[in-house]
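Engineer: Pasting a structure below so you can have a look.
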Amino acid sequence: MLKKIQRRFILAAMAAFGTVTLLIIVGINAANYYRTTAIQDGLAEALLSHEQTVPAKRQTPPPPLREMEGRDPEAAFMTRFFTVHCDADGRIRAASRDYISSVDEMTAEAYAQAVLSKGREKGYYEGYRYRVKREENGISVLFLNSTIQIQSMRSLLFVSLLIGAVSLLMVFFLTVFFSRRAVRPYIKNLERQRQFITDAGHELKTPITSIATSADIAAMEHEGDEWIDNIRRQAARLTKLVEDMVALSRLDEETPFPDKDRFSLSEAAWETAEPFAVLAKAKGKRYSQHIAEDLTLYGDRNSIQRMISILLDNAVRYSDDGGEIQMRIYRRRGRICVEVSNTCDLADISDLDRLFDRFYRMDESRSAATGGTGIGLSLVRAIAETHGGKAAVQSANGKEICFRVIF
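According to this note's numbering, the residues represented by the sequence shown are 997 to 1403, in order.
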């Protein structure tokens, strides 16, 4: 139980911190991307507004770049771009490469054709931020060299991811280190609760046994007395309730089954199911089963048999008159499935998972009449989980219910 709670605490802490870290990384990089892109788009728009359809040769930076001299005298000479001019049909007329030397005319035309085929007005292509301007007399495509900006964005992304990963790793080790101390008060409460149930169970056994013995003696003297019969039934019910509560409390221990071993699940299921097949037939109910051969399981044989017994007992108790009960145990995709289903009339199938809650009853009057304690299915789930499995319940149409345990 301690390890299970500790794992859940670590998982919850890491999920919370990981989500916050991811949001911060995404926010920082998204803000940097949009800011850098906005600056590039603004500069590209300004450059295009000063470009003519067929530009003349220029020996000085264009007006948009000269305006940057007040902030950075070298910025105008560090900005590299070229423009390709086309007619209205997209046929290339000229390429202006006055402010770049690393791109030849053929490459510039190829870039322009590739960008125009996308049908977008702006974007990134081959390390350039492009901007398409459409006018009545033609189309101009400006390519602004953005290699430094792209490298900067990638560097920020890499650094932020690296810092996030290192932070997650450090938080993980710190969480593991402090998790035992964090869950210690909760563990103490569970231990006190478990100890109380165990002590109360032992204390209740003596008076219940005394009541049951006295009722048996009185029944011999007053045979057929309905009051005495009721005392005997309730004493038996209390005895079973105490046993189930103590068993459920023990399943919360760190090692509830210290002597686990590999056993034949097929044989254990056959032994457990035999008396219930006779009982179902005696009550006028149809019973069928399919148990695959050579199924083995590592765990506690007695507890697994008790789990199957509870499922079959529930099916016999709560199936409708003349109903059908089925048990199937098989292997599928490397997992062992134990299924017990029975026909019944379910008024509400929206919250079936609550059947595994302690003392929960879907129908109080019917449960009291059948003598259930309300703990059986809680034991089923606890036994399944202590063996590394899980228990679930489902009903397709409200006319049949199926309990499934998967190992």
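Even glycine gets a Cβ: it sits at the ideal position worked out from N, Cα and C.
Out of Leu1044, Met1303, Gln1230, state which residue places its alpha-carbon closest to the alpha-carbon of Ile1135.
Structural biologist: One-based indexing of the sequence shown puts residue 1135 at position 139. The candidate whose alpha carbon is nearest that of Ile1135 is Leu1044.
Engineer: Check whether the segment 1370-1380 and the segment 1348-1357 are in contact - that is, three or more C-beta pairs closer than 8 Å.
Structural biologist: Yes, since at least three Cβ pairs between the segment 1370-1380 and the segment 1348-1357 fall closer than 8 Å, the two stretches touch.
Engineer: In chain order, what residues of the same chain lie with their CB nearer than 7 Å to the CB of Phe1168, ignoring the 5 residues before and after it?
Structural biologist: The residue given as residue 1168 occupies position 172 in the sequence shown. Contacts found: Met1010.
Engineer: Mind checking Ala1052: buried by the 16 CB within 10 Å criterion, or exposed?
Structural biologist: Numbered from its first residue, the sequence shown carries residue 1052 at position 56. Its pLDDT being 47, under 50, Ala1052 is placed unreliably in this model, and the value from its coordinates should be taken loosely. Under this definition Ala1052 is an exposed residue.
Engineer: Count the other CB atoms, across all protein chains shown, that sit within 10 Å of the CB of Asn1133; report buried if there are 16 or more and exposed otherwise.
Structural biologist: If you number the sequence shown from 1, residue 1133 lands on position 137. Result: exposed.
Engineer: Beta-carbon separation of Tyr1107 and Val1128 under 9 Å?
Structural biologist: If you number the sequence shown from 1, residue 1107 lands on position 111. If you number the sequence shown from 1, residue 1128 lands on position 132. No.
Engineer: Going by alpha carbons, who is nearest to Tyr1124 out of Gln1147, Arg1190, Asp1221, Glu1187?
Structural biologist: Within the sequence shown, numbered from 1, the residue matching residue 1124 stands at position 128. The residue with the shortest Cα to Cα distance from Tyr1124 is Gln1147.
Engineer: Quick one: give me the first and last residue of the alpha helix (DSSP H) that Arg1229 is part of.
Structural biologist: Within the sequence shown, residue 1229 is the residue found at index 233, counting from 1. 1222-1246 is the span of the alpha helix (DSSP H), which, as asked, contains Arg1229.
Engineer: Quick one, are the C-beta atoms of Ile1224 and Ala1232 less than 9 Å apart?
Structural biologist: Position 228 of the sequence shown holds residue 1224. Position 236 of the sequence shown holds residue 1232. No; because the gap between Cβ atoms is not below 9 Å, this pair is not in contact.
Engineer: Roughly how many whole angstroms lie between the Cα atoms of Gly1066 and Thr1032?
Structural biologist: Along the sequence shown, read from residue 1 onward, the residue named residue 1066 stands at position 70. Along the sequence shown, read from residue 1 onward, the residue named residue 1032 stands at position 36. Because the pLDDT at Gly1066 is just 46, under 50, the model does not fix this residue reliably, and the value given afterwards should be weighed accordingly. Each residue's Cα considered, the two are about 20 Å apart.
Engineer: Could you tell me which of Leu1200, Asn1226, Glu1199, Leu1140 sits nearest to Asp1212, measuring between CA atoms?
Structural biologist: Taking the sequence shown and counting its residues from 1, the one referred to as residue 1212 is at position 216. It is Asn1226 whose Cα lies nearest to the Cα of Asp1212.
Engineer: So within the segment 1248-1318, which uninterrupted beta strand (DSSP E) runs reach at least 3 residues, ignoring any that extend past its ends?
Structural biologist: With a minimum length of 3 residues, the continuous beta strand (DSSP E) runs that stay inside the segment 1248-1318 are 1257-1260, 1282-1287, 1292-1295.
Engineer: Going by alpha carbons, who is nearest to Gly1038 out of His1081, Cys1082, Thr1339, Lys1118?
Structural biologist: For the purposes of this step, residue 1038 is taken as the residue at position 42 of the sequence shown. That would be Lys1118, whose Cα lies nearest to the Cα of Gly1038.
Engineer: Taking the continuous alpha helix (DSSP H) assigned at Thr1382, which residues delimit it?
Structural biologist: Residue 1382 sits at position 386 when you count from the first residue of the sequence shown. That run of the alpha helix (DSSP H) goes 1372-1382.
Engineer: So, does the segment 1313-1320 touch the segment 1376-1385, judging by three or more C-beta pairs under 8 Å?
Structural biologist: Cβ pair count under 8 Å is below three, so no.
Engineer: List the residues that DSSP assigns as beta-bridge partners of Asn1141.
Structural biologist: If you number the sequence shown from 1, residue 1141 lands on position 145. For Asn1141, which the question treats as bridged, DSSP gives the partners Tyr1124.
Engineer: Return helix, strand or coil for Phe1355, following the three-state DSSP convention.
Structural biologist: Locating residue 1355 in the sequence shown gives position 359, counting from the first residue. Phe1355: coil per DSSP, three-state reduction.
Engineer: Would you report the Cα separation of Arg1087 and Ser1113, rounded to the nearest angstrom?
Structural biologist: Position 91 of the sequence shown, counted from the start, is the residue given in the question as residue 1087. Position 117 of the sequence shown, counted from the start, is the residue given in the question as residue 1113. Cα to Cα, the separation comes out at about 12 Å.
Engineer: So is Phe1173 buried or exposed if we call it buried at 16+ other beta carbons inside 10 Å?
Structural biologist: Numbered from its first residue, the sequence shown carries residue 1173 at position 177. Its Cβ having fewer than 16 others within 10 Å, Phe1173 is exposed.
Engineer: Indicate whether Gly1160 and Thr1292 have their beta-carbon atoms separated by less than 9 Å.
Structural biologist: Numbered from its first residue, the sequence shown carries residue 1160 at position 164. Numbered from its first residue, the sequence shown carries residue 1292 at position 296. No, Cβ-Cβ distance for Gly1160 and Thr1292 is not below 9 Å.
Engineer: As a quick exercise: from Phe1077, Arg1150, Thr1205, Glu1217, pick the residue whose alpha carbon is nearest that of Val1238.
Structural biologist: Working through the sequence shown from its first residue, we reach residue 1238 at position 242. The shortest C-alpha separation from Val1238 is found at Thr1205.
Engineer: Closer than 8 Å by C-beta to Ala1278: which residues in its own chain qualify, once you throw out the five before and the five after it? Chain order, please.
Structural biologist: For this step, residue 1278 is matched to residue 282 along the sequence shown. Correct list: empty, nothing qualifies.
Engineer: In terms of alpha-carbon separation, which member of Gly1295, Asp1296, Glu1267, Ile1096 lies closest to Ile1287?
Structural biologist: On the sequence shown, residue 1287 is found 291 positions in, with the first residue counted as 1. Among Gly1295, Asp1296, Glu1267, Ile1096, the Cα nearest to that of Ile1287 is on Glu1267.
Engineer: Just to confirm before moving on: does the CB-CB distance between Leu1157 and Ile1035 stay below 9 Å?
Structural biologist: For the purposes of this step, residue 1157 is taken as residue 161 along the sequence shown, with counting starting at 1. For the purposes of this step, residue 1035 is taken as residue 39 along the sequence shown, with counting starting at 1. Contact: no.
Engineer: What's the call for Tyr1095, buried or exposed, on a 16-neighbour Cβ count within 10 Å?
Structural biologist: Here residue 1095 refers to the residue found at position 99 of the sequence shown. Label assigned to Tyr1095: buried.
Engineer: Note down, in chain order, each residue of its chain lying with its Cβ closer than 8 Å to the Cβ of Ile1024, except the 5 sequence neighbours on either side.
Structural biologist: Indexing the sequence shown from 1 puts residue 1024 at position 28. Same-chain partners within the cutoff: Leu1152, Ser1156.
Engineer: I'd like to know whether the C-beta atoms of Asn1338 and Val1312 end up nearer to each other than 9 Å.
Structural biologist: Start at 1 with the first residue of the sequence shown, and residue 1338 comes out as number 342. Start at 1 with the first residue of the sequence shown, and residue 1312 comes out as number 316. Result yes, Cβ atoms of Asn1338 and Val1312 sit closer than 9 Å.
Engineer: Below 8 Å on the Cβ atoms is my guess for Ser1374 versus Leu1342; work out the distance and round it to an integer in Å.
Structural biologist: Translated into the one-based positions of the sequence shown, residue 1374 becomes position 378. Translated into the one-based positions of the sequence shown, residue 1342 becomes position 346. Not confirmed; about 19 Å, so no contact.
Engineer: Between the alpha carbons of Thr1126 and Ser1163, how many angstroms are there, rounded?
Structural biologist: Translated into the one-based positions of the sequence shown, residue 1126 becomes position 130. Translated into the one-based positions of the sequence shown, residue 1163 becomes position 167. Strictly speaking, residue 1126 in this sequence is Tyr, with Thr absent from that position. Those two C-alpha atoms are separated by around 37 Å.
Engineer: With C-beta atoms as the reference, is Cys1340 less than 9 Å away from Ser1305?
Structural biologist: Start at 1 with the first residue of the sequence shown, and residue 1340 comes out as number 344. Start at 1 with the first residue of the sequence shown, and residue 1305 comes out as number 309. Cβ distance not < 9 Å, so Cys1340 and Ser1305 don't count as in contact.
Engineer: I need the boundaries of the beta strand (DSSP E) containing Ala1090, first residue and last residue.
Structural biologist: The sequence position of residue 1090 within the sequence shown is 94, counting from 1. Its beta strand (DSSP E) spans residues 1088-1095.
Engineer: With DSSP as the reference, label Thr1339 as helix, strand or coil.
Structural biologist: As a working mapping, residue 1339 is identified with position 343 in the sequence shown. DSSP places Thr1339 in strand when its eight states are reduced to three.
Engineer: By Cβ distance below 8 Å, which residues in the same chain neighbour Thr1194 in space, the five residues on each side in sequence not counted?
Structural biologist: Your numbering for residue 1194 matches position 198 in the sequence shown. Answer for Thr1194: Val1242, Ser1245, Arg1246, listed in chain order.
Engineer: Classify Gly1134 as helix, strand or coil using the three-state DSSP reduction.
Structural biologist: As a first step, residue 1134 is located in the sequence shown; it is residue number 138 there, counting from the start. Strand, per DSSP.
Engineer: Apply the 10 Å Cβ neighbour rule to Met1303 and answer buried if 16 or more other Cβ atoms are within range, or exposed otherwise.
Structural biologist: The count along the sequence shown starts at 1 and reaches residue 1303 at position 307. When all chains shown are included, Met1303 counts as buried.
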